[in-house]
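Residue numbers (this note's numbering), protein chains in the order written: chain B, 69 to 326; chain E, 4 to 315; chain V, 9 to 246.
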Amino acid sequence: MILRTRGVSLAYGSESVLRDVSVGVDRGEVLAVIGPSGVGKTTLLGLLSLAVAPDRGTVELDGTDAWAAGESERLALRRRVGMVFQEASLFDASVARNVSYGLRVRRSWPERVRDGLRSLVGSPDAEAVDSAVREALDVVGLGDSLDRHAGSLSGGEARRVSFARALAYDPDVFLLDEPTSDLDPRNTAVVEDAVRRASQRGIGVVVASHDMHQAERVADRVAVMLDDGIAEVGPTERVFADPDDERTRKFVSGELVY
Amino acid sequence: MSKHRATRRRFVAALGAATAGGLAGCSAVTGASGGGDRPGVVGETLTLTTTTSTYDTGLLAELNAHFEERYGVTVEAVAQGTGAALETARNGDADVVMVHARSLEDEFTRQGYGVNRRDLMFNDFVVVGPASDPAGIDGMASATEAFAAIAEAGAPFVSRGDDSGTHTKELAVWDGAGVDPGGGWYQETGQGMGEVLNIADEQGAYALSDRGTFLSQRSEIDLTVRVQGPIEGGPDLLANPYGIIAVNPAVHGNVNYDLAMAYIGYVTSPDGQERIANYESDGEQLFFPRALSEDPNFRQYVPAGWSANGTR
Amino acid sequence: MSPGPVAALGALLLQFPFDPVYLRSIVRVSLYVSCVAVALSTAVSVPFALLVAFTDFPGKRLLTSVVNTGMGFPSVVVGLVVLFAVSNQGPLGPLDLVFTTEAMIVSQFVLAAPPITAISLAAVSAVDDGVRDAARALGGTRLDVALVTVTEARYGIATAVLAGFGRAISEVGSVLIVGGNIVGSDGVSRTRTLTTAIQLEARQGRYETALLLGAVLVCLVLLVNAAVVRFGGGRVRR
Chain B
69 MILRTRGVSL AYGSESVLRD VSVGVDRGEV LAVIGPSGVG KTTLLGLLSL AVAPDRGTVE
129 LDGTDAWAAG ESERLALRRR VGMVFQEASL FDASVARNVS YGLRVRRSWP ERVRDGLRSL
189 VGSPDAEAVD SAVREALDVV GLGDSLDRHA GSLSGGEARR VSFARALAYD PDVFLLDEPT
249 SDLDPRNTAV VEDAVRRASQ RGIGVVVASH DMHQAERVAD RVAVMLDDGI AEVGPTERVF
309 ADPDDERTRK FVSGELVY
Chain E
4 MSKHRATRRR FVAALGAATA GGLAGCSAVT GASGGGDRPG VVGETLTLTT TTSTYDTGLL
64 AELNAHFEER YGVTVEAVAQ GTGAALETAR NGDADVVMVH ARSLEDEFTR QGYGVNRRDL
124 MFNDFVVVGP ASDPAGIDGM ASATEAFAAI AEAGAPFVSR GDDSGTHTKE LAVWDGAGVD
184 PGGGWYQETG QGMGEVLNIA DEQGAYALSD RGTFLSQRSE IDLTVRVQGP IEGGPDLLAN
244 PYGIIAVNPA VHGNVNYDLA MAYIGYVTSP DGQERIANYE SDGEQLFFPR ALSEDPNFRQ
304 YVPAGWSANG TR
Chain V
9 MSPGPVAALG ALLLQFPFDP VYLRSIVRVS LYVSCVAVAL STAVSVPFAL LVAFTDFPGK
69 RLLTSVVNTG MGFPSVVVGL VVLFAVSNQG PLGPLDLVFT TEAMIVSQFV LAAPPITAIS
129 LAAVSAVDDG VRDAARALGG TRLDVALVTV TEARYGIATA VLAGFGRAIS EVGSVLIVGG
189 NIVGSDGVSR TRTLTTAIQL EARQGRYETA LLLGAVLVCL VLLVNAAVVR FGGGRVRR
């Protein structure tokens with residue numbers, strides 16, 4: 069497993085959000101985390117992205133316990149994870165600048181200052197020629213939108229750019245929170261295709277979704293979250309066809325209503 | 004004109020500042036310290052706090068340019084009004100002060116902040132008022148009577164109200180007139196002389212002004228002199244003597260005492276006094292030198308009422 | 009009787025009653041003092057605003073209201089406080105700063121910092137949390153997140169800087185007190201600014217020349233505003 073949690077628990081105050089959760093994703097694998105809204109899927113992604121520390125348990129990337137590591141090592145680990153939020157939250161800048169952000173923050177300060185000065189003097193598209201930026205945008209079908217301003221994109225396009233933004237620096241793991249909520253079928257298809265292409269490149273992908281059909285379409289394995297824990301994990305087809313857990317069975321058949 | 008000149012002479016003589024005689028009798032004070040061409044103060048800066056009346060008339064710029072040239076120094080003149088100028092010096096932020104309120108100067112030296120006070124020059128105050136002269140004070144020989152008449156008539160009067168030398172003098176005149184100014188006719192503005200003259204002009208009010216500021220502004224306003232000062236034969240009460248005092252280096256070790264004394268030496272020298280006498284605005288002499296005298300004039304060095312017998 | 013103030017001002021403009029060397033020097037002192045003070049204020053205020061906006065600590069609301077109160081500080085009071093500090097008698101006395109441009113910069117700094125802080129605080133607080141989270145998730149350090157926040161809030165911060173500059177360059181009370189309004193006998197300003205020059209003219213009742221200097225001041229502020237708007241807004245359109 070490239071990224072995994074071992075027995076993590078997290079509470080906000082007295083309210084337990086996650087209890088003893090162990091889940092992981094392999095390289096080149098797509099794991100769907102499904103469950104009703106408000107069950108803690110987003111919180112689980114927050115733990116997996118190493119942004120939040122668990123109260124108990126460990127989060128390991130490539131075998132390294134991130135929260136036992138020092139600050140700079142954790143930053144290095146964090147930078148191997150790509151996280152796409154439910155909201156696009158693009159920067160008030162061009163598409164190219166948005167997508168190149170992850171690459172920029174990974175450069176050394178002298179380089180960044182030099183590039184910043186250079187872009188002040190002119191040639192604002194100097195960084196747009198970066199092939200990783202172009203490639204990432206190609207994956208989401210926006211290769212020709214480099215110079216557009218983020219504010220001029222439609223909702224679906226913005227979400228696709230936020231996807232490319234995390235793909236551009238070639239992370240080992242890719243975390244997606246409700247990647248297609250509110251998207252039309254065409255944009256949904258583009259994003260799901262991009263998820264497949266990412267996993268084919270060897271990236272481990274975790275998709276949090278309340279949409280079971282999406283999970284069926286893209287995931288190799290499914291983790292079903294109910295209340296504050298994982299009810300069942302297994303190969304997609306088996307979990308949907310023949311769940312071991314009683315509550316999972318009710319959930320996938322639509323009987324369990326929250 | 005000639006009559007004016009004659010009265011002016013008499014006043015000048017009375018003050019014991021016979022410039023011509025002084026010029027003959029004293030040797031020029033040049034280059035204070037050091038024996039060579041240039042004194043040992045080259046490149047230093049003298050901070051002078053002074054009143055708006057000396058500054059705004061342009062006299063200081065004239066005086067200071069020559070001093071700077073001769074000594075190779077810089078003079079930074081800060082125009083603040085008498086009260087503020089002395090306060091700045093009290094804090095040790097000035098090297099020398101040039102002001103015109105003897106009572107405040109005496110207080111300053113009594114407190115130990117000032118040393119080596121010299122009489123420098125004088126001009127006078129005038130009572131100005133509108134053409135209609137509602138209080139009927141035109142040509143009065145007494146400033147206190149004129150002020151009493153203004154109060155009696157309840158005619159509008161604009162006061163500086165700012166603790167300046169002019170304001171101090173105004174209060175002294177009210178005091179002499181036995182009037183405690185107040186009421187609807189009396190306005191304290193807290194403004195500079197030029198602003199006060201403009202306000203008095205707009206309101207057809209009386210005001211006490213130094214002659215220099217009034218002269219430089221008279222072409223733009225309708226006020227005229229109602230009671231003359233001593234330069235034009237008016238009462239001595241309206242005399243406006245300027246003094247110059249070095250800040251005591253024993254109290255404020257940081258002050259540039261040598262340069263302050265060089266400056267005092269320069270402005271009270273025949274050369275400096277001649278420059279003061281020759282300084283004109285609109286063809287009128289604004290200040291009259293008073294530093295040089297053949298007769299002893301000990302009172303300039305000590306506060307009023309001081310005696311050597313240990314009483315202070 | 010004069011034909012009205014506008015005509016009087018027009019006539020004055022034609023005969024222009026100032027030595028250009030003098031006028032240039034007071035413009036230079038005005039710009040130097042205000043620009044340095046605003047640059048220093050910005051360098052302190054923006055990080056301070058970020059700190060206040062995105063960290064929780066006891067007394068935060070009190071601090072915010074102190075900053076907001078600071079916007080209303082009477083400049084004369086600031087001048088007196090700074091004078092007390094830099095005076096020979098004060099804690100900074102040995103530095104000998106009374107009646108220098110440095111002292112003026114100190115007082116302008118004190119005056120400009122509160123509006124710059126308050127407006128920057130409002131601007132950075134308005135930045136979407138999602139954008140900050142994204143910057144962090146994309147591998148940004150805390151410094152990177154701060155930079156993104158500042159970049160996102162750049163129009164608000166530009167407004168803050170202009171407000172601070174406007175306060176500094178149009179302010180007369182404190183620079184008069186701590187600067188002394190000094191011009192050398194060569195006619196070159198040491199510590200005289202446009203505002204104190206205006207005050208000097210007004211004190212002598214020369215309102216027309218004071219107005220003329222006021223017009224120069226307004227033009228200067230307009231130019232600086234235009235430059236900031238162009239520089240700050242030219243590269244990105246919405």
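Every residue gets a Cβ at the ideal spot worked out from N, C-alpha and C, and that includes glycine.
When the options are compared against residue i, the one with the closest alpha-carbon
i, options, result
"isoleucine 200 (chain E)", "E:Val182, E:Ser219, E:Pro184", "The amino acid occupying residue 200 (chain E) in the given sequence is leucine; isoleucine does not appear at that position. Among E:Val182, E:Ser219, E:Pro184, the Cα nearest to that of leucine 200 (chain E) belongs to E:Ser219."
"glycine 308 (chain E)", "E:Asp109, E:Ala88, E:Thr57", "E:Asp109"
"leucine 123 (chain E)", "E:Trp188, E:Val99, E:Gly181", "E:Val99"
"glycine 195 (chain E)", "E:Arg278, E:Ala156, E:Asp59, E:Leu49", "E:Asp59"
"alanine 121 (chain V)", "V:Arg214, V:Val75, V:Val232, V:Pro28", "V:Val75"
"phenylalanine 111 (chain E)", "E:Leu289, E:Val182, E:Ile247", "E:Ile247"
"leucine 226 (chain E)", "E:Tyr266, E:Leu211, E:Gly46", "E:Leu211"
"aspartate 231 (chain E)", "E:Gln83, E:Gly132, E:Arg73", "Checking the sequence, you will find glutamine at residue 231 (chain E) rather than aspartate. It is E:Gly132 whose Cα lies nearest to the Cα of glutamine 231 (chain E)."
"glutamine 207 (chain V)", "V:Arg198, V:Leu184, V:Ser38", "V:Leu184"
"alanine 111 (chain V)", "V:Val41, V:Phe26, V:Thr203, V:Val191", "V:Val41"
"proline 233 (chain E)", "E:Ala82, E:Thr48, E:Gly207, E:Phe128", "E:Phe128"
"isoleucine 267 (chain E)", "E:Thr192, E:Asn119, E:Ala68, E:Gly187", "E:Asn119"
"proline 159 (chain E)", "E:Trp188, E:Thr77, E:Gly61", "E:Trp188"
"glutamate 225 (chain B)", "B:Arg202, B:Asn255, B:His278, B:Ser249", "B:Asn255"
"glycine 174 (chain V)", "V:Val132, V:Leu70, V:Ser128, V:Leu39", "V:Leu39"
Cut-off 8 Å between Cβ atoms - residues of its own chain near residue i, not counting five sequence neighbours on either side
i, result
"aspartate 94 (chain B)", "Met69, Ile70, Gly272"
"threonine 85 (chain E)", "Thr54, Val102, His103, Ala104, Leu107, Asp166, Ser167, Gly168, Thr171"
"valine 254 (chain E)", "Gly95, Gly115, Tyr116"
"valine 241 (chain B)", "Ile70, Leu71, Val93, Leu116, Leu129, Arg148, Val149, Gly150, Ile271, Gly272, Val273, Val274"
"alanine 119 (chain B)", "Arg146, Met151"
"glycine 38 (chain E)", "Its pLDDT being 42, under 50, glycine 38 (chain E) is placed unreliably in this model, and the value from its coordinates should be taken loosely. The answer is none, since no qualifying residue turns up."
"alanine 234 (chain V)", "none"
Supposed close pair residue i, residue j - CB separation, criterion 8 Å
i, j, result
"leucine 66 (chain E)", "glycine 275 (chain E)", "7 Å"
"arginine 124 (chain B)", "valine 173 (chain B)", "Not a contact, Cβ separation roughly 31 Å."
"alanine 134 (chain V)", "alanine 161 (chain V)", "7 Å"
"alanine 208 (chain E)", "valine 161 (chain E)", "5 Å"
"threonine 147 (chain E)", "leucine 240 (chain E)", "7 Å"
"leucine 251 (chain B)", "arginine 227 (chain B)", "6 Å"
Spatial neighbours of residue i in its chain, beta-carbon cut-off 7 Å, leaving aside the 5 residues before and after
i, result
"leucine 63 (chain E)", "Thr53, Thr57, Ala80"
"aspartate 312 (chain B)", "Glu300"
"phenylalanine 301 (chain E)", "none"
"glycine 188 (chain V)", "Phe107, Thr199"
"aspartate 245 (chain B)", "Thr110, Leu113, Val152, Phe153, Gln154, Ala276"
"threonine 125 (chain V)", "Ser53, Phe56, Ala57, Val75"
"proline 137 (chain E)", "Ala156, Ala158"
Nonlocal neighbours in the same chain, by C-beta distance under 6 Å from residue i, ignoring five residues either side
i, result
"alanine 196 (chain B)", "Because alanine 196 (chain B) sits at a pLDDT of 46, beneath the cut-off of 50, its placement in the model cannot be relied upon, and the point is left open."
"threonine 271 (chain E)", "Arg121, Ala294"
"proline 239 (chain B)", "Arg148, Val149, Gly150"
"leucine 334 (chain B)", "Since the displayed chain B opens at 69 and closes at 326, residue 334 (chain B) lies outside it and no answer follows."
"valine 114 (chain V)", "Val90"
"alanine 149 (chain E)", "Val130, Ile140, Met143, Val230"
"alanine 232 (chain B)", "Val167, Ala204, Leu205, Val208"
Within chain E, the residues that residue i reaches when beta carbons sit closer than 8 Å
i, result
"arginine 6 (chain V)", "Since the first residue shown for chain V is 9 and the last is 246, residue 6 (chain V) is missing from the structure and cannot be characterised."
8 Å Cβ cut-off: residues of chain V touching residue i
i, result
"valine 81 (chain E)", "Phe107, Gly188, Asn189, Ile190"
Proximal chain V residues relative to residue i, where beta-carbon distance stays under 9 Å
i, result
"asparagine 300 (chain E)", "Ordered by position in chain V, no residue passes the 9 Å Cβ test against asparagine 300 (chain E), which lies about 30 Å from the chain."
"glutamate 179 (chain B)", "What glutamate 179 (chain B) touches in chain V: nothing, since even the nearest Cβ is about 14 Å away."
"threonine 50 (chain E)", "Val106, Phe107, Gly188, Ile190"
9 Å Cβ cut-off: residues of chain E touching residue i
i, result
"glutamine 97 (chain V)", "Arg93, Asn94, Gly95, Asp96, His255"
"serine 193 (chain V)", "Leu63, Ala64, Glu65, Leu66, Asn67, Ala68, His69, Phe70, Glu71, Glu72, Thr77, Val78, Ala80"
Check: residue i C-beta below 7 Å from any heavy atom of the ligand GDP
i, result
"arginine 147 (chain B)", "Summarising the ligand content, the structure contains no ligands, and the ligand GDP is consequently not present."
Under 7 Å from the C-beta of residue i: neighbouring residues of chain V
i, result
"asparagine 201 (chain E)", "Gly213"
"aspartate 295 (chain B)", "Those within 7 Å of aspartate 295 (chain B) in chain V number zero; the least Cβ separation is about 26 Å."
Amino acids of chain C, ordered along the chain, whose beta-carbon sits closer than 7 Å to that of residue i
i, result
"methionine 151 (chain B)", "The structure shown has no chain C; the protein chains it does contain are B, E and V."
Contact set between residue i and chain B, taken where Cβ atoms lie within less than 7 Å
i, result
"valine 132 (chain V)", "In chain order: nothing, as chain B lies at least about 13 Å away."
For a minimum of 4 consecutive residues, which ranges assigned as the alpha helix (DSSP H) are wholly contained in the stretch 60–146 of chain V? 68–78, 83–94, 109–133, 137–145
Please list the segments of the alpha helix (DSSP H) lying wholly inside the stretch 211–260 of chain B, counting only runs of 4 or more residues, in order along the chain. 223–235
In chain order, which alpha helix (DSSP H) runs of at least 4 residues are fully inside the stretch 260–326 of chain B? 280–286, 304–309, 314–320
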